[in-house]
Amino acid sequence: MQERLVEIGDHGLGRLGTLPPPLKRWESFLPQQTPDVTSDTEITALSTPEYLAHMHKCIVDVVSSPDYLDAETGYISDSAWQRLVKGGFLASSLGDRDPNMRQEEIMHVGRMASYYDISLGLSYGITTALVIMPIARFGTLEQQEEYLTRIRNGERFGLAITERDRSGSSALDMDSSYSLNGDEIKLKMYKHLQGLSGNAGLIVTALRKNAPTKTVGLFLVPQEHISTERIPTAGLNGICYGINTGEITLSKNHLMVELQRRGLIDDFRDLFTKSRAFFVGMSLGQQEREEELAKEYAQKRIIGGKLQAEIAGVQWVLNNVHARTVILETLFNAVVEYRDSDGKALTDRSITGFISESGILKTLSSWLAHESARDRAELKGGKAFYAGDALQDVIDTWAFTIFEGSRLFLYDQIGGDVAARLKNGKLENELFFFDRAKTRFNRRARFVVASIQRDIDRKTLPEGSEFILGEIFSYIFALGLIDEDRYSAKEAHNATDYINDQIEKKGADYRRFKTAN
249 MQERLVEIGD HGLGRLGTLP PPLKRWESFL PQQTPDVTSD TEITALSTPE YLAHMHKCIV
309 DVVSSPDYLD AETGYISDSA WQRLVKGGFL ASSLGDRDPN MRQEEIMHVG RMASYYDISL
369 GLSYGITTAL VIMPIARFGT LEQQEEYLTR IRNGERFGLA ITERDRSGSS ALDMDSSYSL
429 NGDEIKLKMY KHLQGLSGNA GLIVTALRKN APTKTVGLFL VPQEHISTER IPTAGLNGIC
489 YGINTGEITL SKNHLMVELQ RRGLIDDFRD LFTKSRAFFV GMSLGQQERE EELAKEYAQK
549 RIIGGKLQAE IAGVQWVLNN VHARTVILET LFNAVVEYRD SDGKALTDRS ITGFISESGI
609 LKTLSSWLAH ESARDRAELK GGKAFYAGDA LQDVIDTWAF TIFEGSRLFL YDQIGGDVAA
669 RLKNGKLENE LFFFDRAKTR FNRRARFVVA SIQRDIDRKT LPEGSEFILG EIFSYIFALG
729 LIDEDRYSAK EAHNATDYIN DQIEKKGADY RRFKTAN
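Residue numbers 249 to 765, in my numbering, belong to the letters of the sequence shown in order.
Here it is, written out as structure tokens:
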């Protein structure tokens, strides 16, 4: 396949390089024979392995085409997106295929898209979890017919919810507001650091002014009504960050729904728990690409290395990178295979009760991929990320991933919630395998967890320690999920050791914080 150069904003040229072949580990879901698909009807009739093989070919063909990126904007071009959609890219997202396989197919398509271009994976995740699902859940029948048809025809929409210093899931805590006057809506929005997956419009959230109870409105706002101050990024082609503002007047048919009853608010938050779960697929694809590049750069370092110590150091880095891949595969498989007691997948049920678990899935998966990107950059010879580095995208995805705000918010939520569960003896549920994790602690990790448990029991947790606790609990979560039967003894041991090392390091951070406070 041809090598392509892309211009990235004001950062000069970034070389994405020759597209890599599919990974050997993908053989479990990609059949040897790729079906020849010529119509929408045939796409819906494909088995899951056939559909994924078809989508793999479609993604590779489009990403490697000369017009993949728009020559003027540097973002994924409209024509490239339309070819992907026509090829069935959003078929599972739109519910056009077997609903029983929807969760697995969405995860794998996001994984493959991110392996070849993280920007494409993010665009897929945004469109699936934060555009299609809200319209299907909250839109009127007329809005569903109009906007889902437009999406099927290749138009791209985004979601604007996050505001300065707020997590995206804080639906009842925002500055953007609106008022209703007959059939007229006056909307004032200020949305901070949003990614635009397209230019047709945004789904915008705001609080209703002077409502007797807090009321959240969801609006479909055409792009011409929105002023966006764009913030340059180092590598994301599919996503434009910026501050979206506007004081606009709309007709009432742009209102999707007003949420004020607790159940509806929970349904809205549920969209974010799903988006966090889907993010694992994108992070795994990115991690798999990072590992391939790390191996490539390491081989060059080893061939050129003269000291045995340097070779050992390179191998240590590669072991850590592969441990992260195993951990991310573990999180990925947990989402793909999850079924509740009624046999429902995450995509088919409300998972509002698993906010911490979904936060762990997202924050830990993005952090693992970020650390591997750092290792890969250092193996290449750089001290840090640099402008034009094709995979510097990870900086952007790490800090503000899919409209969720920073890791700080989610780790605070995780730390506070899990500490409360431990205190009340209610930690176990369908996803949080704490008891299994306890059997895998090494001596130092066991000491860290015991000291935290003691502080919880004595009510002596230092104020403000939730962030560090969230990190520790996230690694415990992953440790409990590792299925040793899926991996060789060496791989499982390597991943377990890596997690125990992280728990020990975060435990030292906790002790320092406790001493200082």
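Yeah, the Cβ is synthetic: ideal placement off N, Cα and C, and Gly gets one too. All figures in this text were calculated on a predicted structure; none of them were measured in a lab.
Look at P470 here: in three-state DSSP terms it is strand. In this structure, the beta-carbon distance from N492 to Y426 does not fall below 9 angstroms. Pairing L271 with E432, the inter-Cα distance amounts to about 53 angstroms. Here the stretch 685–702 lies against the stretch 738–750, with 3 or more beta-carbon pairs under 8 angstroms apart. The residues I291, R345, in chain order, have a CB closer than 6 angstroms to that of A339 in the same chain once the five nearest residues on each side in sequence are set aside. Assigned with DSSP and collapsed to three states, T453 falls in strand. It is roughly 15 angstroms from the alpha-carbon of N742 to the alpha-carbon of A685. Taking all protein chains shown into account, D590 has fewer than 16 neighbouring C-beta atoms within 10 Å of its C-beta and is therefore exposed. Contact between S614 and R572 is absent: CB atoms are separated by about 11 angstroms, not below the 8 angstroms threshold. By the criterion of a C-beta distance shorter than 8 angstroms, Q471 is surrounded in its chain by N447, A448, G449, L450, once the five residues flanking it on both sides are discounted.
In this structure, L466 keeps its C-beta atom at 9 angstroms or more from the C-beta atom of V528. Annotation for E298: the continuous alpha helix (DSSP H) segment containing it runs 296–311. Here K500 is exposed. Its C-beta has fewer than 16 other C-beta atoms within 10 Å. Under a 10 Å Cβ-count criterion, K707 is classified as exposed, with fewer than 16 other Cβ atoms of the shown protein chains found around its own Cβ. Within a 10 Å sphere around the beta-carbon of P460 sit fewer than 16 other beta-carbons, which makes this residue exposed. Residue range 425–429 is occupied by the beta strand (DSSP E) that includes Y426. Counting other Cβ atoms within 10 Å of its Cβ, L389 stays below 16 and is therefore classed as exposed. M504: member of the beta strand (DSSP E) spanning 503–507, first to last residue. Within the stretch 308–370, the complete alpha helix (DSSP H) runs of at least 4 residues fall at 326–334, 350–364. N492 carries a strand assignment under DSSP once its states are collapsed to helix, strand and coil.
Around the CB of P382, 16 or more other CB atoms lie within 10 Å, so the residue is classed as buried. Looking at the DSSP output, Y372 sits in no beta bridge, so it has no partner there. One alpha carbon belongs to S276, the other to I704, and they sit about 43 angstroms apart. Looking at the backbone, the Cα of L532 and that of M422 are separated by about 32 angstroms. For F405, the enclosing beta strand (DSSP E) starts and ends at 405–408. Contact between S523 and G373 holds: CB atoms are separated by about 7 angstroms, below the 8 angstroms threshold. Here I380 really is in contact with L342; their C-beta atoms are around 6 angstroms apart, less than 8 angstroms. Across the structure, Q391 and M504 are spaced so that their CA atoms are roughly 8 angstroms apart. Counting only the Cα atoms, A301 lies some 7 angstroms from P283.
For N765, same chain residues with a beta-carbon under 6 angstroms away, outside a window of 5 residues either side, are P710 in chain order. For A685, the enclosing alpha helix (DSSP H) stretches over residues 682–686.
Pairing R273 with G718, the inter-Cα distance amounts to about 31 angstroms. Counting every other CB atom within 10 Å of its CB across the protein chains shown gives E536 a total of 16 or more, marking it as buried. One alpha carbon belongs to A737, the other to L579, and they sit about 19 angstroms apart. According to the DSSP assignment, V697 belongs to the alpha helix (DSSP H) that extends over 691–705.
Taking C-beta separations shorter than 6 angstroms and ignoring five residues to either side along the sequence, the partners of K436 in its chain run S425, E495, following chain order.
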